[in-house]
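> Residue numbers (our numbering): 895 to 1234. All residues carry an ideal CB built from backbone N, CA and C; glycine is no exception.
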Amino acid sequence: MSDMNGTGWALAKRPVGMPEMDDFKTVNVSAPAPKEGEIQVRNSWMSVDPYMRGRMYDRESYVPPFQIGELLTGGAVGHVQASAHPDYSEGDLIVSMAGWRDVWTGKPQENMVNKVPQTGLPESALLGIAGMPGLTAYAGILRVADLKEGDTVFVSGAAGAVGSTVVQIAKIKNCTVIGSAGGSEKCNLVKELGADHVIDYKAHDSYEALLGALKKAAPKGIDVYFDNVGGDHLQAAIECARPMGRFAICGMISQYNATDVQPGPNNIIQVVGKQLTLKGFIVSTYADMQPQFLKDMATWIQNGDMKFEETVMEGIEMAPEAFLGLFQGRNKGKMLVKLA
């Protein structure tokens, strides 16, 4: 067993508003030969996700904030290079939270490591369709939103890693699906995934235009809203919701970089009269669904019922640019960085 050296990324300073490249800095990473209970890993893929923006604020949340100068973390796929742990062997494929670096050494439990059995899926899929974003979509639409056959479902951010999966699950469950995405290329993707109606929010760039497009797509209203965007999309969904509608609030990317307090929907009073359920959720709460999720996802992919898109940037040096791309609309499906 020998030492390895590599590169990682840390926060240089806390972003204000939209993150910029100089908010990040590279750091040298040492991955020494593992001591007892440790494994040495070379990452092959890493994930960037919108939730990471929230960890860049110095405030309490459901996960601790990133610290200035310390290595950033996130989902990663890698291979064990050397092991001093009885449960891991050289060559094992693993998923961890030790992303934003190309090599590392540590204890599996401290890095949330899971050993991956042979699935037949590409390694990158373990960070997307068959990973955290996929489970987020699965749990959010099936349990949080309590999807029922025949529902009319509105999905914002429908071309992203989570939203595109929600669209397809809802179609598998014989629902009418309306997706919102930005630009013709992304809208075409959502249509190809099976959505019955697609709204280009860039072409409907006012609340009134967005609301008009949603009412046209769902003249009888919506039963379910899966929210990745917040803002005008959430307000329009409340306006178009049918009585007893269910909202799964997954994220609000339109507000992640806001520097001022953002107003809430001005029609929130309708939640009472329509008896709507709005529930925010975090995927880790639904870890019990993981076995059934993997079983269903493998079946759907093999049957051709589930497709997935990836946007890949190559090299550890591209990690911050990939992250910024999430907020610039540069990804179709899952945004990933290929490391090796």
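Look at residue 1195 and residue 1173 and say whether their C-beta atoms are less than 8 Å apart.
No, they are not a contact pair.
> Identify whether residue 1111 lies in helix, strand or coil by the three-state DSSP scheme.
Note: residue 1111 maps to helix in three-state DSSP.
> Can the beta-carbon of residue 1010 be found closer than 8 Å to that of residue 1052?
No, the pair does not count as a contact, with Cβ atoms beyond the cut-off.
> For the segment 1165-1223, list the alpha helix (DSSP H) runs that are entirely contained and at least 4 residues long, ordered along the chain.
Segments of the alpha helix (DSSP H) lying fully in the segment 1165-1223: 1184-1197 and 1213-1221.
> With DSSP as the reference, please indicate the residues paired to residue 1000 in a beta bridge.
Paired residues: 933.
> On a CA-only basis, which of 1060, 968, 945 and 992 is nearest residue 1237? Give me that one, please.
No answer is possible for residue 1237: it lies beyond the span of the chain, which begins at 895 and ends at 1234.
> For a quick check, are the C-beta atoms of residue 1100 and residue 1124 less than 8 Å apart?
Against a cut-off of 8 Å, the Cβ pair of residue 1124 and residue 1100 comes out as no contact.
> Residue 923 to residue 1231, Cα distance in whole Å?
Each residue's alpha carbon lies about 18 Å from the other.
> Taking the C-alpha atoms as reference points, what is the distance between residue 1114 and residue 1136?
Going from the Cα of residue 1114 to the Cα of residue 1136 covers about 8 Å.
> Do residue 1064 and residue 1227 have their C-beta atoms closer together than 8 Å?
No, Cβ-Cβ distance for residue 1064 and residue 1227 is not below 8 Å.
> Look at residue 1029 and residue 1212 and say whether their C-beta atoms are less than 8 Å apart.
No, the pair does not count as a contact, with Cβ atoms beyond the cut-off.
> Is the beta carbon of residue 977 closer than 8 Å to that of residue 933?
Against a cut-off of 8 Å, the Cβ pair of residue 977 and residue 933 comes out as a contact.
> Rounded to whole angstroms, what's the CA-CA distance from residue 900 to residue 1209? Just pull it up for me.
Cα to Cα, residue 900 sits roughly 12 Å from residue 1209.
> Could you say which of 1166, 1233, 1189 and 1122 lies nearest to residue 943 if we only look at CA atoms?
Selected option, being the one with the closest Cα: 1122.
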